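Asker: Numbering (this note's numbering), first residue to last: 1 to 464.
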């Protein structure tokens, strides 16, 4: 599939870099959309704004997805009304954002996002830091310059997202040949790609996400600057990259997304330590991450819950064992070595992607389980089964084995133990015999045997 995504290059549509002031109007009889397919609340907002004298349309992903036969996750509205004017029309609305001010209109659990038409930034606009602001590399820091519908269409990122649907007349307005690109399953930036990526480097990640999610090819001018500009992602706020990483890996196409990120050199700015591990141990690292993402994709398609904690644990794990071994070589005992390496790795990663504490704690626990799962003597195995993180730790152990890690049959042992009755479990514990409690470390070789009391202290320390 990766070859297909990067081979589907077609020549640009004539005039793609020229501003188009009149749209192609696609009437009701010429497209497949029905107003009943859209959120009734979003349609109601458009109708109310139009009744108040403003222009308003359903726009972007909801129009694109319905044309492709996909159920949209959300519905966005674009309007000529300013955020303050929108809020005045709806008591259930509130203005959010500073970098890009817009309005959220609440209908119970459904939120409709309403954005005012944007315009290109002029020199006069950039003199007003409340409306427009760029950094030295050209990245837009604030984008509150309002304009016309035609200007708004040119400000959108991809042609397939610059489609405006009017539920009253049931017409589509297409300013950028977006319907043409949807029919040809082609992803194309509007305007000069280098400039558009410099304005917002996250557009490079969005290109990958849309291409993977929609199974689109990427037009050659759109893909060409990405490798050169990939380092610009290091300047994006880590909190924003966390949200983008969830969209990348939890959309049901995480495995192919990973391949594309690596190929376009976008993976390293997001996961520097894991990228280094990919160079040091390419087969193992690639297999483990790909398998974790394939498993996640399957769960997404089956409608099963997925947790970012397990996903990030897998994405970062290949960078961990080497750090553990390094600390052990300096005389640090195995579990404290695991704790120290895990703490440092997560702290470094959070400088690039701000993983919230509600996920970093489970990541640490999943990793800690990899040190505890080999310890099965006495009552430890039964205590382990009662641990709320056992299932995640066990699944992670199987993932490591599927990537080629040798664990002396540990995964199969735990599989059998879960299915065994009490007497069978006691026999399995006895059969462990004098194998040092089965305690060979999964993250690296142990330096010496330790007394039972010292092992207990280290086990307790792992859960502090």
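From the three backbone atoms N, C-alpha and C, an ideal C-beta is built for every residue, glycine too. For clarity, every value in this text was computed on a predicted model and none was experimentally measured.
1) Report the option in 335, 395 and 228 whose CA atom is closest to the CA atom of residue 311.
2) Under the assumption that residue 469 contacts residue 179 (Cβ atoms under 8 Å), give the Cβ distance between them as a whole number of angstroms.
3) Rounded to the nearest angstrom, how far is the Cβ of residue 226 from that of residue 266, given a contact under 8 Å?
4) Of all the CB atoms in chain D, is at least one closer than 9 Å to the CB of residue 186?
5) Which of the three DSSP states is assigned to residue 408 in this structure?
6) Just the C-alpha distance for residue 339 and residue 321, rounded to the nearest angstrom, thanks.
7) Note down the Cα distance separating residue 361 from residue 100, rounded to an integer number of angstroms.
8) Label residue 259 either buried or exposed according to how many other C-beta atoms from any shown protein chain fall within 10 Å of its C-beta, with 16 as the threshold for buried.
9) Compute the Euclidean distance between the alpha carbons of residue 388 and residue 357, then round it to the nearest angstrom.
10) So for residue 427, helix, strand or coil by DSSP?
11) Here's the rule: buried if 16 or more other CB atoms are within 10 angstroms of the residue's CB, otherwise exposed. What is residue 127?
12) Please confirm whether residue 35 and residue 231 have their CB atoms less than 9 Å apart.
13) Taking Cβ positions, are residue 25 and residue 174 nearer each other than 9 Å?
14) Could you tell me the distance, in whole angstroms, from the CA atom of residue 393 to the CA atom of residue 273?
15) Candidates 330, 213 and 430: which alpha carbon is nearest residue 70's?
16) Report the three-state DSSP secondary structure of residue 163 (helix, strand or coil).
17) So which of 411, 417 and 403 has the shortest CA-CA distance to residue 386?
18) In terms of alpha-carbon separation, which member of 92, 217, 93 and 86 lies closest to residue 117?
19) In three-state DSSP terms, what is residue 118?
20) Could you say which of 207, 114 and 120 lies nearest to residue 159 if we only look at CA atoms?
21) Please report the straight-line C-alpha distance between residue 247 and residue 233, rounded to a whole angstrom.
22) Taking only three categories from DSSP, how would you classify residue 189?
23) Taking just the CA atoms, how far does residue 384 sit from residue 172?
24) Would you mind reading off the limits of the alpha helix (DSSP H) that contains residue 268?
25) Buried or exposed: where does residue 245 fall if 16 or more other Cβ atoms within 10 Å of its Cβ makes it buried?
26) Is it true that the region 286–302 meets the region 314–332, where meeting means three or more beta-carbon pairs spaced less than 8 Å apart?
27) Locate the alpha helix (DSSP H) running through residue 355, then write down its first and last residues.
28) In whole angstroms, give me the CA-to-CA distance for residue 276 and residue 263.
29) Quick check on DSSP: helix, strand or coil for residue 284?
30) Output the residue ranges of the beta strand (DSSP E) runs that lie fully inside the region 33–63 and measure 3 residues or longer, sorted by chain position.
31) At the level of alpha carbons, what is the spacing between residue 47 and residue 80?
32) How is residue 111 classed by DSSP in three states: helix, strand or coil?
33) Nearest-angstrom Cα distance between residue 181 and residue 119?
34) Give me the Cβ distance between residue 76 and residue 110, rounded to the nearest whole Å; I'm assuming they're in contact under 8 Å.
35) Which residue marks the beginning of the beta strand (DSSP E) containing residue 24, and which one marks its end?
36) Less than 9 Å between the C-beta atoms of residue 398 and residue 374, yes or no?
Answerer: With the structure as the only source:
1) Comparing Cα positions, the closest option is 395.
2) Lying before the first or after the last residue shown, residue 469 is absent from the chain, which here runs from 1 to 464.
3) The pair is a contact, with the Cβ atoms about 7 Å apart (cut-off 8 Å).
4) Among the chains in the structure shown there is no chain D, since it carries only a single protein chain.
5) In this structure, residue 408 counts as coil in the three-state DSSP scheme.
6) Whole-angstrom Cα-Cα distance: 11 Å.
7) Their Cα atoms are separated by approximately 32 Å.
8) Under this definition residue 259 is a buried residue.
9) The alpha-carbon atoms of residue 388 and residue 357 are separated by roughly 18 Å.
10) In this structure, residue 427 counts as helix in the three-state DSSP scheme.
11) Because residue 127 carries a pLDDT of 48, less than 50, the predicted location of this residue cannot be relied on, and the following value inherits that uncertainty. Residue 127 is exposed by the Cβ-count criterion.
12) Note that the C-beta distance between residue 35 and residue 231 is not below 9 Å.
13) Yes. Within cutoff.
14) Approximately 22 Å between the Cα atoms of the pair.
15) Looking at 330, 213 and 430, the one whose alpha-carbon comes closest to that of residue 70 is 213.
16) Three-state DSSP puts residue 163 in a strand.
17) Of the candidates 411, 417 and 403, the one whose C-alpha sits nearest the C-alpha of residue 386 is 417.
18) Nearest C-alpha to residue 117: 86.
19) Shown here, residue 118 sits in a strand according to DSSP, grouped into three states.
20) Nearest option by C-alpha distance: 207.
21) Distance between the alpha carbons of residue 247 and residue 233 is about 16 Å.
22) Three-state DSSP puts residue 189 in a strand.
23) Rounded to the nearest angstrom, the two C-alpha atoms are 59 Å apart.
24) Start and end: 267–270.
25) Buried: at least 16 other Cβ atoms inside 10 Å.
26) Yes: the two stretches touch, three or more of their Cβ pairs being nearer than 8 Å.
27) For residue 355, there is no enclosing alpha helix (DSSP H), as DSSP marks it with neither H nor E.
28) Roughly 14 Å separates the two Cα atoms.
29) Under the three-state reduction of DSSP, residue 284 is assigned to helix.
30) Counting only runs of 3 or more, we get 56–59.
31) Here the alpha carbons of residue 80 and residue 47 stand approximately 13 Å from one another.
32) DSSP places residue 111 in strand when its eight states are reduced to three.
33) If I take the Cα positions, the gap works out to 23 Å.
34) Contact check for residue 76 and residue 110: beta-carbon distance about 12 Å, past the 8 Å limit, so the pair fails to qualify.
35) In the DSSP assignment, residue 24 falls within the unbroken beta strand (DSSP E) covering 24–26.
36) Not in contact: residue 398 and residue 374 (Cβ atoms no closer than 9 Å).
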